[in-house]
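There are 2 protein chains.
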Amino acid sequence: MSARPNTEVTAAAHDRVYRALRTRIMHGEVAPGEALTLRGIGRDFGVSMTPAREAVRRLVAEGALFLSSSGRVSTPELSNERIEELAALRALIEVELASRALPRAHMALIDRMQDINSNVAEMVAKRDAVGYIRTNLEFHRTLYLRAQAPAMLAMAETVWLQLGPTMRALYGRLRRTEPPQDHRLIIAALKAGDEPSLRLAVRSDVTKGLRLLAG
Amino acid sequence: MSARPNTEVTAAAHDRVYRALRTRIMHGEVAPGEALTLRGIGRDFGVSMTPAREAVRRLVAEGALFLSSSGRVSTPELSNERIEELAALRALIEVELASRALPRAHMALIDRMQDINSNVAEMVAKRDAVGYIRTNLEFHRTLYLRAQAPAMLAMAETVWLQLGPTMRALYGRLRRTEPPQDHRLIIAALKAGDEPSLRLAVRSDVTKGLRLLAG
DNA sequence: TGGCTCAGCATGTGATCACAAATTTCCAAT
DNA sequence: ATTGGAAATTTGTGATCACATGCTGAGCCA
């Protein structure tokens with residue numbers, strides 16, 4: 000086989016691999032400490048080592064994967080200190096994003112967030128950890144997209160990515176049945192146009208889960 | 000030539016290339032919009048395309064380089080909106096870092112920061128834009144290292160990296176002769192243990208330069 | 001039984017090649 | 001002179017290979 004016989008829509012192989020791995024990591028579909036090999040990734044996606052290597056490099060650069068001194072890659076196992084830091088970063092960045100989104104959040108957006116939140120509740124009821132993480136991030140991203148701040152959103156997603164495997168471990172352990180109360184507070188603050196309440200609710204939502212884990 | 004004849008200290012070629020490029024970009028040694036080629040980078044560093052490609056991938060992932068739709072890489076030319084966002088991120092993250100460093104900032108650290116700040120003043124006097132950026136970042140990093148928050152510091156450095164070429168363009172244009180006043184305020188607040196003043200001074204220092212550019 | 005060594009294997013790294021697509025160059029036609 | 005297009009060159013992509021290193025486990029000795 001030679002290079003890409005790309006006549007149209009086909010994206011670059013390394014990008015396809017990157018996106019697939021990124022989504023799996025962010026949604027918590029891989030456990031912390033899980034090892035990956037370039038040849039293994041290549042086999043999984045039907046490509047050679049080269050695109051697998053490039054995808055892994057990107058993910059390492061984003062902190063989604065850990066590179067051992069010998070070059071082996073694995074999902075990171077975060078220390079409590081690092082979890083606390085990442086939670087603080089989420090709080091800083093996401094509060095700002097929510098604040099910037101507030102003036103632009105019209106009723107259609109709030110309705111959509113309520114729909115997503117009912118999906119979150121469903122995932123909690125089904126004890127579906129991956130589904131919960133996915134819909135929960137969708138809830139947040141839907142709001143933050145309105146902030147029109149792509150660099151900040153990218154930063155927030157990088158943090159989510161680093162927390163992905165850890166969140167899986169957390170919510171996999173957790174035995175909750177009630178949907179997140181803070182999401183309702185966020186929606187209420189949006190409806191009321193109440194910025195201080197919004198900031199408080201986002202900070203609480205973002206910090207709460209991770210505090211249990213690090214505590 | 001085959002693989003790395005690495006008997007000891009030699010670092011991986013892709014890592015060496017990555018670090019060199021990263022430093023050059025962060026310090027503003029390349030202009031915004033400057034184009035790079037994999038073969039050119041390889042030639043410059045005496046390696047093949049493979050390590051050059053990996054280094055570039057990492058830098059693209061960190062937002063230090065822009066990847067065109069056809070795969071060409073260049074230094075990004077930031078819009079005013081993006082500059083404003085990145086300045087806001089600097090403010091958020093660096094104020095937090097400074098705040099966390101404050102309780103641990105003893106006299107030896109403050110002395111070192113004063114030394115670095117006199118180097119900053121020297122660079123300003125010499126109209127050395129690259130030297131100014133380098134010593135200015137060194138001033139900030141010296142403080143933030145004391146925060147013991149590696150994930151946050153990495154985030155801050157990623158923002159610096161994205162702003163590198165733009166800062167060069169800014170400070171290259173700027174005709175200043177006075178050293179930054181805010182640095183003196185930062186040092187004074189550290190000496191006094193005055194957290195609110197420190198937060199204010201850092202925010203002002205970090206926001207000021209970029210406001211001119213985006214304005 | 002427990003620890004040690006060494007062979008075999010798995011794995012990352014870097015060079016090189018073939019190919020497709022994008023970009024540039026150059027020449028002819030108007 | 002300017003524009004159009006075709007040829008030539010540059011460039012990124014992905015596959016493959018050789019090699020050095022790290023890891024694993026089987027066999028050995030105490």
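Read top to bottom, the protein sequences are chains P and Z. Mapping the first sequence onto numbering that gives the first Met the number 0, position 76 (from 1) lands on 75, and the numbers just tick up by one. Mapping the second sequence onto numbering that gives the first Met the number 0, position 57 (from 1) lands on 56, and the numbers just tick up by one. Beta carbons are placed, not taken as given, at the ideal position from N, Cα and C, and that holds for glycine. On a predicted model such as this, the values are computed, not experimentally measured, just so you know.
How long is the line joining the alpha carbons of residue i and residue j, rounded to whole angstroms?
| i | j | result |
| --- | --- | --- |
| Met0 (chain Z) | Ser68 (chain Z) | Residue placement at Met0 (chain Z) cannot be trusted, given a pLDDT of 42 that sits under 50; the coordinates are not used to answer. |
| Phe44 (chain Z) | Leu64 (chain Z) | 18 Å |
| Met203 (chain Z) | Val205 (chain P) | Per the sequence shown, the amino acid found at residue 203 (chain Z) is Ser instead of Met. Cα-Cα distance, rounded: 28 Å. |
| Asn135 (chain Z) | Arg18 (chain P) | 36 Å |
| Asn116 (chain Z) | Arg81 (chain P) | 30 Å |
| Val94 (chain P) | Leu152 (chain P) | 11 Å |
| Arg15 (chain Z) | Pro50 (chain Z) | 9 Å |
| Ile92 (chain P) | Glu84 (chain Z) | 11 Å |
| Trp159 (chain P) | Lys207 (chain Z) | 30 Å |
| Arg3 (chain P) | Ala54 (chain P) | Residue confidence for Arg3 (chain P) is low, a pLDDT of 42 falling below 50, so the modelled location carries little weight and cannot support an answer. |
| Leu96 (chain Z) | Leu20 (chain Z) | 26 Å |
| Ala100 (chain Z) | Thr141 (chain Z) | 10 Å |
| Asn5 (chain P) | Leu66 (chain Z) | Any reading at Asn5 (chain P) must be qualified, since the residue scores a pLDDT of 43, below 50, and its modelled position is unreliable; the value itself is stated next. Going from the Cα of Asn5 (chain P) to the Cα of Leu66 (chain Z) covers about 19 Å. |
| Arg198 (chain Z) | Ile186 (chain Z) | 12 Å |
| Arg150 (chain P) | Met48 (chain P) | Per the sequence presented here, residue 150 (chain P) reads as Ala, with Arg not at that position. Answer to the nearest angstrom: the Cα atoms are 31 Å apart. |
| Pro31 (chain Z) | Tyr143 (chain Z) | 27 Å |
| Arg38 (chain P) | Lys125 (chain P) | 36 Å |
| Ser73 (chain P) | Glu137 (chain P) | 26 Å |
| Glu156 (chain Z) | Thr157 (chain P) | 14 Å |
| Ala120 (chain P) | Lys190 (chain P) | 20 Å |
| Leu184 (chain P) | Glu194 (chain Z) | 31 Å |
| Tyr170 (chain Z) | Met112 (chain Z) | 21 Å |
| His105 (chain Z) | Ser78 (chain P) | 27 Å |
| Val59 (chain Z) | Ile24 (chain Z) | 12 Å |
| Thr36 (chain Z) | Val46 (chain Z) | 13 Å |
| Ser196 (chain Z) | Ala107 (chain Z) | 21 Å |
| Arg52 (chain P) | Gln180 (chain Z) | 46 Å |
Thinking C-alpha only, which one of the options is nearest residue i?
| i | options | result |
| --- | --- | --- |
| Ala200 (chain Z) | Z:His139, Z:Arg167, Z:Arg172, Z:Gln161 | Z:His139 |
| Met154 (chain P) | P:Arg18, P:Arg202, P:Glu33, P:Arg89 | P:Arg89 |
| Val123 (chain Z) | Z:Pro178, Z:Ser47, Z:Ala168, Z:Thr74 | Z:Pro178 |
| Gly192 (chain Z) | Z:Arg42, Z:Ala150, Z:Thr74, Z:Ser98 | Z:Ser98 |
| Arg71 (chain P) | P:Ala86, P:Glu194, P:Glu33 | P:Glu33 |
| Val29 (chain P) | P:Pro195, P:Ala51, P:Leu162, P:Leu197 | P:Leu162 |
| Ile109 (chain Z) | Z:Arg210, Z:Ala188, Z:His26 | Z:Ala188 |
| Arg133 (chain P) | P:Asn79, P:Met166, P:Ile185, P:Gly39 | P:Met166 |
| Glu76 (chain P) | P:Arg172, P:Leu209, P:Leu173, P:Ala168 | P:Ala168 |
| Arg210 (chain Z) | Z:Val46, Z:Ala87, Z:Ser73 | Z:Ala87 |
| Leu173 (chain Z) | Z:Lys190, Z:Tyr131, Z:Leu184 | Z:Tyr131 |
Helix, strand or coil for residue i per DSSP?
| i | result |
| --- | --- |
| Val201 (chain Z) | helix |
| Ala148 (chain Z) | coil |
| Ala124 (chain Z) | helix |
| Ser73 (chain Z) | strand |
| Leu64 (chain P) | coil |
| Leu35 (chain P) | strand |
| Glu156 (chain P) | helix |
| Asp193 (chain P) | coil |
| Ser78 (chain Z) | coil |
| Glu28 (chain Z) | coil |
| Val46 (chain P) | coil |
| Ser1 (chain P) | Bear in mind that the predicted position of Ser1 (chain P) carries a pLDDT of just 41, short of 50, making it unreliable; the figure below should be weighed with that in mind. Three-state result, Ser1 (chain P): coil. |
| His182 (chain Z) | helix |
| Glu177 (chain P) | coil |
| His105 (chain Z) | coil |
| Ala86 (chain Z) | helix |
| Ala100 (chain P) | helix |
Assign residue i to buried or exposed, taking buried as 16 or more other Cβ atoms, counted over all protein chains shown, within 10 Å of its Cβ.
| i | result |
| --- | --- |
| Glu61 (chain P) | buried |
| His13 (chain Z) | buried |
| His182 (chain P) | buried |
| Ala148 (chain P) | buried |
| Thr22 (chain Z) | exposed |
| Pro164 (chain P) | buried |
| Gly41 (chain Z) | buried |
| Thr26 (chain P) | The question names Thr, but residue 26 (chain P) in the sequence shown is His. His26 (chain P) comes out buried. |
| Arg103 (chain P) | exposed |
| Ala10 (chain P) | exposed |
| Arg57 (chain P) | buried |
| Ala128 (chain Z) | buried |
| Ala146 (chain Z) | buried |
| Glu7 (chain P) | Note that Glu7 (chain P) has pLDDT 46, beneath the 50 cutoff, so the model's placement of it is unreliable and no number is given. |
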